[in-house]
Amino acid sequence: MRKVAVIGAGQVGSTTAMRVAERGIADVSLIDIYGDLARGKALDIAQALPLTDSSSRVEGGSDYGLAAGSDVVVITAGFPRAPGMSRSDLLEKNAAVVREVVEKACAAAPDAVLIMVTNPLDEMTHLAWKVTGWERRRVMGMAGLLDGSRLASFAAAELGVPPGQVQPVVLGSHGDAMLPLARLTSVAGVPLAEILSEGKLEELNARTRDGGAEIVSLLKQGSAYYAPSACVARMVRAVLMDEDMLVVASVRLEGEYGLDDVFLGVPVILGWGGWKRVVELPLHPEERVELEACAAMLRERAEMVDEWLSGNSA
Ligand code: APR
9 MRKVAVIGAG
19 QVGSTTAMRV
29 AERGIADVSL
39 IDIYGDLARG
49 KALDIAQALP
59 LTDSSSRVEG
69 GSDYGLAAGS
79 DVVVITAGFP
89 RAPGMSRSDL
99 LEKNAAVVRE
109 VVEKACAAAP
119 DAVLIMVTNP
129 LDEMTHLAWK
139 VTGWERRRVM
149 GMAGLLDGSR
159 LASFAAAELG
169 VPPGQVQPVV
179 LGSHGDAMLP
189 LARLTSVAGV
199 PLAEILSEGK
209 LEELNARTRD
219 GGAEIVSLLK
229 QGSAYYAPSA
239 CVARMVRAVL
249 MDEDMLVVAS
259 VRLEGEYGLD
269 DVFLGVPVIL
279 GWGGWKRVVE
289 LPLHPEERVE
299 LEACAAMLRE
309 RAEMVDEWLS
319 GNSA
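Residue numbers 9 to 322, in this note's numbering, belong to the letters of the sequence shown in order.
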């Protein structure tokens, strides 16, 4: 059986562990600074498996030895966004946690594919890549699949069609500079832009951009985890089954889309060993300009991460 280590046994981490284990995709190790929390959740998840025909084994604790030999490492450790808190506010708070857990998890699982979930996503993925020193295709952030899933869900509700009929395209950052592309989003092959008015499309785009914040403000405590964990589990499956799934993920660009030295959300082919290639969509000039602006902003934030890293070297 393949093995997945999930670091952070909070809401996103534990629901990810549950989804992977219940589908029998892999054995799961759930690791948290609070070992008993991880142990308790692992036991709880394991005790549901007799009902789901899964032979996955689930264990939990604070010891990174549990992650040894994992094929995929998922990082969810950190602090969720509080109401009114921007993703930038989260940056400094989560950088220290991410550096520590990535160092430990990757030492235990040196051949793994790493999927980052902790926010601010693109910046934390950049940090994780720096900390690992791994080749870029083994380190990616989960965001575009979630943002696309949100857009698909809103569009499906608007049109009265099943959400699975919507093929969303959302590029860019997981945050303010997100680029939902209604022009390339389709419903059973028909572009959304041909079915909905411009005003409605802008409404859906805006709600997608603010999708995380909408949930944060409703929950009052913590942030979204059902959809995020579903997206992570889907990406884990794509890697372990070598599916060559077309999925938008935050990856480091080195020339693709004319962009260099930046992590942002673009479509990639995802399978065993990580992402295999970036798929370059034919963007209109104004879309390209938006993507470039997003890249410039993320590059600046990545520089802040680099500064933080050099000022806080271990
Ligand atoms: N080492 C290990 N685990 C840690 C550490 C650490 N240094 N610091 C924090 N954690 C654990 C916490 O103990 C907690 O169990 O990370 C977990 C985070 O869980 P939650 O607070 O429930 O947060 P969650 O909703 O799961 O979100 C986690 O994912 O989507 C993003 O924005 C979200 O950055 C956030 C992350």
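Glycine included, every Cβ here is placed at the ideal spot set by N, Cα and C. Quick caveat, the model's predicted, so the values are computed rather than measured.
Notebook entry, point to check: Over what stretch of residues does the beta strand (DSSP E) that includes Asp79 continue unbroken?
Noted result: Element bounds for Asp79: n/a, residue is neither H nor E.
Margin query: What does the alpha-carbon distance come out to for the pair Gly18 and Pro128?
Written below: Those two C-alpha atoms are separated by around 17 Å.
Next item on the list: In angstroms with no decimal places, state the Cα-to-Cα distance between Ala113 and Gly168.
Entry: Each residue's Cα considered, the two are about 44 Å apart.
Notebook entry, point to check: In chain order, what residues of the same chain have a beta carbon less than 7 Å from the beta carbon of Ala75, not counting five sequence neighbours either side?
Noted result: Cβ neighbours of Ala75 beyond the five flanking positions: Ala13, Ser37, Ile39, Val81, Ala113, Ala116 and Ala117.
Notebook entry, point to check: Can you find a heavy atom of the ligand APR that lies under 8 Å from the Cβ of Gly86?
Noted result: yes
Note to self: Is any non-hydrogen atom of the ligand APR found closer than 8 Å to the C-beta of Asp40, if you look at the structure I gave you?
What the structure shows: yes
Margin query: Would you say the beta carbon of Val109 is closer than 8 Å to some non-hydrogen atom of the ligand APR?
Written below: yes
Next item on the list: Counting only the same chain and skipping the five closest in sequence on each side, list residues whose C-beta sits under 7 Å from that of Ala136.
Entry: If we look at Ala136 and ignore the five residues flanking it on each side, its Cβ neighbours are Ile83, Val106, Val110, Leu122, Met124 and Val147.
Note to self: When you compare the segment 295-307 with the segment 266-275, are there three or more beta-carbon pairs, one atom per stretch, that lie closer than 8 Å?
What the structure shows: yes
Note to self: Taking the beta carbon of Gly141 as the centre, do at least 16 other beta carbons fall within 10 Å, making it buried, or is it exposed?
What the structure shows: exposed
Item checked: the ligand APR heavy atom lying under 8 Å from the CB of Tyr233 -> yes
Check: Quick one: is Ser318 buried, meaning 16 or more other Cβ sit within 10 Å of its Cβ, or exposed?
Finding: exposed
Checklist line | Met26 versus Leu278: straight-line alpha-carbon distance, rounded | finding: 22 Å
Notebook entry, point to check: Tell me which same chain residues have a C-beta within less than 8 Å of the C-beta of Glu264, skipping the five on either side of it?
Noted result: Val274, Val286 and Glu288
Next item on the list: Verify whether the separation of the beta carbon atoms of Ile41 and Ala85 is less than 9 Å.
Entry: yes
Notebook entry, point to check: For the ligand APR, is there a heavy atom less than 8 Å away from the beta-carbon of Val12?
Noted result: no
Check: According to DSSP, is Ala185 helix, strand or coil?
Finding: coil
Notebook entry, point to check: the ligand APR heavy atoms versus the CB of Ile33: any closer than 8 Å?
Noted result: no
Notebook entry, point to check: Are the segment 185-204 and the segment 221-237 touching, with three or more C-beta to C-beta distances below 8 Å?
Noted result: no
Next item on the list: Kindly list the residues whose CB is nearer than 7 Å to the CB of Thr23, restricted to its own chain and excluding five residues on each side of it in sequence; keep chain order.
Entry: Tyr233, Tyr234 and Ser237
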